[in-house]
Every structure is written in structure tokens, then in C-alpha cells.
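Residue numbers (the numbering used here): 1449 to 1765.
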Ligand code: DGY
């Protein structure tokens, strides 16, 4: 009997092809409701999940004792209770390394769009309200030559730093540990978080979501930033306290923000939706044809490896 695999969302064909030979069920294009997930997971030996499914002990128990692997099609795995998985002997994998440059592109897109007021300008134009070119119209801030502060200098943070270097920016960073090689390669300067927030013109966040990083950027931290500064978040929404960010943007305590991720996706804090000085993207950091193919492929390879008794390429623990 082929082993049972549940794929919780419709994923690119590149990944599905690698699961031929297993008894595969694919759920929906939309995220499954909790009860749909609990029902569908029964008897699964492997689950290929995405960041929208909460994979906790209850889901693992609903699958039953045959569940061997949860392969997340995402680099972030805060949706998975890894402790609960290891207690049950379930391997958890993610997809690091295949989406760094693509996600860095979106971080830099948000840097540029927020600094140059692209969203505001496009709304004006589409509303038919752009009446003339104006010497003082829609002035933003230069990006080139400024200071870019990277919070979390992992693979994605480094890819953003390289883009910053291309724009002649000075790179500052904060990380749990010093990254001496990256310091050398990027000319990056290590700072404590408070100092980085004070000194940066642009702050781009690239930390995973953990108990330590939840609301890492809140009222106090936003208060340290310059009035001309821009905050960008492409990591996980809860790293930034959205209510405090809305206050800071509304009171013009910082110049602008660019967000790809939110505290309660797909909901966006209602006050952010009302503000002109924030660019809002719907979690598209890794959303290119090529990268989603790579993510689906790596997730499927990981899952298949575990079910075949081999080492997965990217286990999280
Ligand atoms: C990731 O890979 O973590 C992206 O945010 C998609 O979930």
C-alpha cells in the first residue's frame, strides 16, 4: 500500500510530480478550515503544509501514529509546533535557501516604494486626481547613499544588504550573533538593536518569529527611529506591533513603512489601511513562478526522503 500524503494547498506541479508513487490528496487553493484539516489529515504518513496551516499537537494526533513528516513549503515554520512534533517522533522540514533573493527583491521593492511614495502616487493617478507635475509634489526621500539597518543578517538579510550596497548604502546590522564573514563581505557594521534603530534611515526586518522576536518592534523601538526613517517588514507580521506602528505613522514619528506580512493575516490592522504613508503587499515575498517551483520541489523532496527512510535535505531540528 502506498503511503498517504496530504498536501494542504494546491501547490505547483513541480512539487506534485515528485510525489508520484504515494497516495496523494491535495486540498484546496484556499487555506483549509481547521475542521477540514483535522478531517483530511487522518491516516496521513506525510503532510506537505504551508505557512497558513497551524500544525500543532492536535493535528498531529488527528493524523495518527503513522505520521512521519511535516514538510513545510516555507522557510518560516512558526506555524508548526516543533516540540510537539519531536515528542511524537515526527520530522519537520522547511525550505531555506531557495527564496532568499526573491524575498530580498520584495524587501527592496518596499524600501523604494515607501521612500518614493509610489502607492500614494498610484492611488492619486488612478483616482483621476493627478492634475499636473509639481515641484513640491510627492517628494519622498533618496534611498541611494543612505544607511540601511538590517535586523537579522541571515541569508535573506544578507541578500537585502547586497542590494543596499548596489545603491551605495552603508549597511548596519543587528543579529543574535556577530556575522564576521558578512561584515567583511558587505562592509556591514554590527550594532545593538537600539543603536541600529537610532542610526538607520531604513530598517528592514529579517528575523524568524519566535517568543523572543514577537513585538520586537513596538512603541519604544519605533520611538528610537528618526522622523525621516522607513520601516520594512517581510519576515513575519507579529515581529512588529501593528497598533504601535499605525500610531507612529499617523503621528508622522517615522516617515513611512512597507509591509508584506501582518499580525493576523489575511487581516490588516484597519488603521494601516487608512494611512497614505504605508505600502501594503499581500505576503508576496517568495511569490514568483521560479521560486514557488523551487519551494514546492524542496518541500516534496524532503517529504519523500523521510517516507523513503532517507535524510531530508532541510530538517529544522
Ligand atoms: C516563507 O517561506 O516563510 C514565506 O513567508 C512563505 O510563507
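Backbone N, C-alpha and C fix where the C-beta goes; we use that ideal spot for every residue, glycine too. Since this is a predicted model, take the numbers as computed values, not measurements.
So, is residue i buried or exposed, given that buried needs 16 or more other C-beta atoms within 10 angstroms?
{"i": "residue 1521", "result": "buried"}
{"i": "residue 1749", "result": "buried"}
{"i": "residue 1715", "result": "exposed"}
{"i": "residue 1449", "result": "exposed"}
{"i": "residue 1478", "result": "exposed"}
{"i": "residue 1682", "result": "buried"}
{"i": "residue 1761", "result": "exposed"}
{"i": "residue 1511", "result": "buried"}
{"i": "residue 1497", "result": "buried"}
{"i": "residue 1465", "result": "exposed"}
{"i": "residue 1655", "result": "buried"}
{"i": "residue 1476", "result": "exposed"}
Secondary structure at residue i, three-state DSSP: helix, strand or coil?
{"i": "residue 1590", "result": "coil"}
{"i": "residue 1536", "result": "coil"}
{"i": "residue 1503", "result": "strand"}
{"i": "residue 1568", "result": "helix"}
{"i": "residue 1489", "result": "coil"}
{"i": "residue 1732", "result": "coil"}
{"i": "residue 1471", "result": "strand"}
{"i": "residue 1660", "result": "coil"}
{"i": "residue 1711", "result": "coil"}
{"i": "residue 1727", "result": "strand"}
Can you name the residues that DSSP bridges to residue i?
{"i": "residue 1496", "result": "1455 and 1519"}
{"i": "residue 1618", "result": "1595"}
{"i": "residue 1678", "result": "1650 and 1704"}
{"i": "residue 1763", "result": "1541"}
{"i": "residue 1637", "result": "1620"}
{"i": "residue 1692", "result": "Paired residue(s): none; residue 1692 is not in a bridge."}
{"i": "residue 1665", "result": "1688"}
{"i": "residue 1556", "result": "DSSP lists no partner for residue 1556."}
If I'm right that residue i touches residue j with Cβ under 8 Å, what's the distance once you round it to whole angstroms?
{"i": "residue 1619", "j": "residue 1635", "result": "6 Å"}
{"i": "residue 1589", "j": "residue 1676", "result": "6 Å"}
{"i": "residue 1752", "j": "residue 1467", "result": "7 Å"}
{"i": "residue 1678", "j": "residue 1563", "result": "5 Å"}
{"i": "residue 1492", "j": "residue 1453", "result": "7 Å"}
{"i": "residue 1507", "j": "residue 1485", "result": "6 Å"}
{"i": "residue 1547", "j": "residue 1599", "result": "The pair is not a contact, with the Cβ atoms about 18 Å apart (cut-off 8 Å)."}
{"i": "residue 1451", "j": "residue 1470", "result": "5 Å"}
{"i": "residue 1706", "j": "residue 1515", "result": "With 8 Å as the limit, residue 1706 and residue 1515 do not qualify as a contact, their Cβ atoms being about 39 Å apart."}
{"i": "residue 1543", "j": "residue 1523", "result": "6 Å"}
Less than 7 Å between the CB of residue i and some heavy atom of the ligand HEM, yes or no?
{"i": "residue 1612", "result": "Of the ligands this structure carries, namely the ligand DGY, none is the ligand HEM."}
Legend entry - Beta carbon nearer than 6 Å to a non-hydrogen atom of the ligand DGY: 1499, 1522, 1523, 1524, 1547, 1733 and 1734
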